Amino acid sequence: MSGLLVRATFVLLTFLPPTLPVKAEGENPFRVCMRQLQESGVTGEKAQVGCATSLSPQEFSGCVSKIVATGIPPETALTSCYQVRRPLEMANCVVDIDKKVLQIRESAKGGETPLQLALKTCQRSLLPKRQAECVIGLAISGSNPMTAMETCIKAQDFPDALFPSEKP
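FYI, the numbering used here numbers position 104 of the sequence shown as 537, with every residue one higher than the one before it.
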(Lines of atoms letter the chains of each structure in order from A and count residues from 1; the text may use other names and numbers.)
(Lines give C-alpha, C1' and ligand atoms only; values in the text may rest on other atoms or scores of the structure.)
Protein backbone atom coordinates (compact mmCIF):
# COMPACT_ATOMS: atom_id res chain seq x y z
CA MET A 1 0.00 0.00 0.00
CA SER A 2 2.78 2.44 0.92
CA GLY A 3 4.58 1.64 -2.36
CA LEU A 4 1.43 2.56 -4.26
CA LEU A 5 1.18 5.84 -2.35
CA VAL A 6 4.80 6.70 -3.15
CA ARG A 7 4.27 5.95 -6.86
CA ALA A 8 1.05 7.97 -6.98
CA THR A 9 2.77 10.93 -5.31
CA PHE A 10 5.71 10.68 -7.72
CA VAL A 11 3.38 10.58 -10.75
CA LEU A 12 1.35 13.55 -9.50
CA LEU A 13 4.43 15.64 -8.77
CA THR A 14 6.00 14.74 -12.11
CA PHE A 15 3.04 15.94 -14.15
CA LEU A 16 2.05 19.02 -12.18
CA PRO A 17 2.93 22.28 -13.91
CA PRO A 18 5.53 24.38 -12.14
CA THR A 19 4.13 27.12 -9.97
CA LEU A 20 4.56 30.72 -10.99
CA PRO A 21 7.10 32.63 -8.95
CA VAL A 22 5.80 35.24 -6.57
CA LYS A 23 6.35 38.76 -7.87
CA ALA A 24 9.48 40.28 -6.46
CA GLU A 25 9.11 43.63 -4.74
CA GLY A 26 11.25 45.33 -7.40
CA GLU A 27 8.76 44.44 -10.14
CA ASN A 28 6.09 46.83 -8.91
CA PRO A 29 4.67 48.33 -12.15
CA PHE A 30 4.73 51.87 -10.76
CA ARG A 31 8.35 51.51 -9.68
CA VAL A 32 9.28 50.16 -13.12
CA CYS A 33 7.39 53.07 -14.70
CA MET A 34 9.24 55.65 -12.61
CA ARG A 35 12.63 54.11 -13.37
CA GLN A 36 11.98 53.94 -17.13
CA LEU A 37 10.68 57.50 -17.31
CA GLN A 38 13.61 58.88 -15.34
CA GLU A 39 16.06 56.93 -17.53
CA SER A 40 14.32 58.47 -20.55
CA GLY A 41 14.92 61.98 -19.22
CA VAL A 42 11.49 62.80 -17.78
CA THR A 43 11.67 64.94 -14.62
CA GLY A 44 10.57 63.59 -11.23
CA GLU A 45 7.18 65.27 -10.78
CA LYS A 46 6.05 64.68 -14.36
CA ALA A 47 7.17 61.05 -14.11
CA GLN A 48 5.23 60.62 -10.86
CA VAL A 49 2.03 62.10 -12.27
CA GLY A 50 2.35 60.11 -15.50
CA CYS A 51 2.86 56.80 -13.71
CA ALA A 52 0.21 57.44 -11.06
CA THR A 53 -2.51 58.38 -13.55
CA SER A 54 -1.74 55.75 -16.20
CA LEU A 55 -3.99 52.69 -16.42
CA SER A 56 -1.01 50.58 -17.41
CA PRO A 57 2.14 52.23 -16.03
CA GLN A 58 4.61 49.80 -17.62
CA GLU A 59 3.07 50.18 -21.09
CA PHE A 60 3.08 53.95 -20.64
CA SER A 61 6.74 54.13 -19.61
CA GLY A 62 7.71 51.57 -22.26
CA CYS A 63 6.09 53.80 -24.87
CA VAL A 64 8.02 56.86 -23.69
CA SER A 65 11.28 54.92 -23.56
CA LYS A 66 10.90 53.54 -27.11
CA ILE A 67 9.98 56.91 -28.61
CA VAL A 68 12.79 58.78 -26.84
CA ALA A 69 15.24 56.27 -28.34
CA THR A 70 14.29 57.57 -31.82
CA GLY A 71 15.39 61.11 -30.94
CA ILE A 72 12.01 62.59 -29.98
CA PRO A 73 12.33 64.81 -26.86
CA PRO A 74 11.16 63.18 -23.58
CA GLU A 75 8.42 65.79 -22.95
CA THR A 76 6.93 65.22 -26.41
CA ALA A 77 7.04 61.44 -25.99
CA LEU A 78 5.45 61.70 -22.53
CA THR A 79 2.54 63.77 -23.83
CA SER A 80 2.03 61.58 -26.89
CA CYS A 81 2.05 58.31 -24.94
CA TYR A 82 -0.33 59.70 -22.35
CA GLN A 83 -2.93 60.71 -24.94
CA VAL A 84 -3.43 57.33 -26.65
CA ARG A 85 -5.31 54.16 -25.79
CA ARG A 86 -2.59 51.83 -27.03
CA PRO A 87 0.74 53.33 -25.99
CA LEU A 88 2.96 50.40 -26.98
CA GLU A 89 1.32 50.07 -30.40
CA MET A 90 1.82 53.79 -30.98
CA ALA A 91 5.47 53.55 -29.90
CA ASN A 92 6.04 50.56 -32.17
CA CYS A 93 4.44 52.50 -35.03
CA VAL A 94 6.90 55.38 -34.58
CA VAL A 95 9.90 53.07 -34.13
CA ASP A 96 9.00 50.90 -37.15
CA ILE A 97 8.53 53.90 -39.44
CA ASP A 98 11.78 55.41 -38.17
CA LYS A 99 13.78 52.20 -38.66
CA LYS A 100 12.35 51.09 -41.98
CA VAL A 101 11.61 54.36 -43.77
CA LEU A 102 13.18 57.46 -42.26
CA GLN A 103 16.90 57.13 -42.72
CA ILE A 104 17.23 60.85 -43.46
CA ARG A 105 15.69 63.45 -41.20
CA GLU A 106 14.89 66.15 -43.75
CA SER A 107 12.61 69.07 -42.98
CA ALA A 108 9.19 69.15 -44.52
CA LYS A 109 6.44 71.71 -44.80
CA GLY A 110 6.11 73.78 -41.66
CA GLY A 111 9.55 72.73 -40.44
CA GLU A 112 8.17 69.36 -39.33
CA THR A 113 10.66 66.51 -39.65
CA PRO A 114 9.60 63.10 -40.95
CA LEU A 115 10.10 61.68 -37.44
CA GLN A 116 7.81 64.33 -35.93
CA LEU A 117 5.19 63.56 -38.59
CA ALA A 118 5.53 59.83 -37.83
CA LEU A 119 4.85 60.54 -34.15
CA LYS A 120 1.88 62.77 -35.01
CA THR A 121 0.25 60.32 -37.44
CA CYS A 122 0.86 57.29 -35.20
CA GLN A 123 -0.67 59.21 -32.30
CA ARG A 124 -3.72 60.23 -34.37
CA SER A 125 -4.29 56.73 -35.70
CA LEU A 126 -6.83 54.47 -34.01
CA LEU A 127 -4.87 51.54 -35.46
CA PRO A 128 -1.17 52.43 -35.08
CA LYS A 129 0.07 49.02 -36.24
CA ARG A 130 -1.91 49.40 -39.48
CA GLN A 131 -0.58 52.95 -39.89
CA ALA A 132 3.02 51.73 -39.66
CA GLU A 133 2.42 48.85 -42.07
CA CYS A 134 0.73 51.18 -44.56
CA VAL A 135 3.51 53.79 -44.42
CA ILE A 136 6.26 51.20 -44.72
CA GLY A 137 4.51 49.45 -47.61
CA LEU A 138 3.93 52.66 -49.57
CA ALA A 139 7.39 54.09 -48.86
CA ILE A 140 9.18 50.88 -49.84
CA SER A 141 7.18 50.91 -53.07
CA GLY A 142 8.67 54.28 -53.95
CA SER A 143 6.33 56.81 -52.35
CA ASN A 144 7.80 59.76 -50.47
CA PRO A 145 7.67 58.87 -46.74
CA MET A 146 5.98 62.18 -45.84
CA THR A 147 3.32 61.63 -48.50
CA ALA A 148 2.90 58.01 -47.40
CA MET A 149 2.25 59.06 -43.79
CA GLU A 150 -0.37 61.62 -44.82
CA THR A 151 -2.02 59.23 -47.30
CA CYS A 152 -2.22 56.40 -44.76
CA ILE A 153 -3.68 58.52 -41.97
CA LYS A 154 -6.28 59.99 -44.36
CA ALA A 155 -7.20 56.51 -45.59
CA GLN A 156 -8.37 55.59 -42.11
CA ASP A 157 -11.22 58.04 -42.51
CA PHE A 158 -14.04 57.10 -44.85
CA PRO A 159 -12.46 57.37 -48.33
CA ASP A 160 -14.43 60.21 -49.95
CA ALA A 161 -12.45 59.87 -53.16
CA LEU A 162 -13.75 56.33 -53.67
CA PHE A 163 -17.22 56.82 -52.22
CA PRO A 164 -18.31 60.45 -52.67
CA SER A 165 -21.38 61.39 -50.68
CA GLU A 166 -24.37 62.51 -52.67
CA LYS A 167 -25.41 66.07 -52.04
CA PRO A 168 -29.10 66.97 -52.49
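Every residue, glycine too, gets a C-beta built ideally from N, C-alpha and C. Since this is a predicted model, take the numbers as computed values, not measurements.
In this structure, the beta-carbon distance from ILE530 to ALA551 falls below 8 Å.
With a contact defined as Cβ atoms closer than 8 Å, VAL497 and ALA510 qualify at about 5 Å. Around the beta carbon of GLY575, fewer than 16 other beta carbons sit within 10 angstroms, so the residue counts as exposed. CYS526 has its alpha-carbon roughly 14 Å from the corresponding atom of GLU583. For the pair CYS555 and PRO561, the CB atoms are nearer than the 8 Å cut-off. Note on VAL475: 16 or more other CB atoms within 10 angstroms of its CB, so buried under the neighbour-count rule. Secondary structure at LEU559: coil, using DSSP grouped into helix, strand and coil.
By the CB criterion at 8 Å, LEU521 and GLY483 fall outside the cutoff.
Counting along the chain, the unbroken alpha helix (DSSP H) around GLU522 starts and ends at 520-533.
In this structure, ILE505 keeps its C-beta atom at 8 Å or more from the C-beta atom of ALA524.
Taking C-beta separations shorter than 8 Å and ignoring five residues to either side along the sequence, the partners of ARG557 in its chain run ILE586, following chain order.
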